[in-house]
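Q: First residue of the sequence shown? That's 3 in this note's numbering, and the numbers climb one at a time after it. Backbone N, C-alpha and C define an ideal beta-carbon position, used for all residues, glycine too. Given the structure is predicted, the values throughout are model-derived calculations rather than measurements. My structure is below; once you've seen it, I'll send some questions.
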Amino acid sequence: MENNHSKQIEKMIKALAKSWSLESSSKWSKDNPANGQCGVTALVVNDILGGEIRKTNLSGGWHFYNFINGNLYDFTASQFGEDIVYMDIPSNRDEAFLDTNDKQYNYLKQSVLINLKL
């Protein structure tokens, strides 16, 4: 099971990297593709892999990430030039959705699902 879970996480990392764009966050750039993607990414990962959405407070505001099978996964940590202190504050889909919109969410979800199948 654990090995399969690790493979799922690896596939997700690759699918997200191929999927992030200006369509999924207005803050996206070629130099920092994870920028502004935390809320939308946490939602899509939650849809596909389950688990919980958690948050921590950073200098720029709330940062969302996933907690799956007892492990913390921050798929968008690379956007920051600072070390992240994870407060593991329970969050939810509604809060994470405040960080995105329907168009960005639907785009990222469809793109990740397509890239996961490749």
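#1: Residue range of the alpha helix (DSSP H) that residue 116 falls in?
#2: Excluding the 5 residues flanking residue 30 on each side, which residues of the same chain have their C-beta closer than 8 Å to its C-beta?
#3: Using only CA atoms, which one of 32, 68, 14 lies nearest to residue 45?
#4: With 16 as the cutoff for other CB atoms within 10 Å, does residue 41 come out buried or exposed?
#5: Note down, in chain order, each residue of its chain lying with its Cβ closer than 8 Å to the Cβ of residue 74, except the 5 sequence neighbours on either side.
#6: Look up residue 57 in the DSSP assignment and give the residues it is bridged to.
#7: In whole angstroms, what is the alpha-carbon distance linking residue 104 and residue 32?
#8: Rounded to whole angstroms, what's the CA-CA distance from residue 13 to residue 61? Just pull it up for me.
#9: Just list the residues that DSSP pairs residue 73 with in beta bridges.
#10: So, with DSSP's three-state summary, where would you put residue 1?
#11: Report yes if the CB atom of residue 109 is closer than 9 Å to the CB atom of residue 26, and no otherwise.
#12: Considering only residues of the same chain and omitting the five flanking positions on each side of residue 111, which have a CB-CB separation below 7 Å?
A: A quick look at the data gives this:
#1: 104-119
#2: 22, 23, 24, 37, 38, 39
#3: 68
#4: buried
#5: 56, 67, 68, 88, 90
#6: 66, 91
#7: 23 Å
#8: 30 Å
#9: 70
#10: With the chain covering 3 to 120 only, the question about residue 1 has no answer from this structure.
#11: yes
#12: 46, 49
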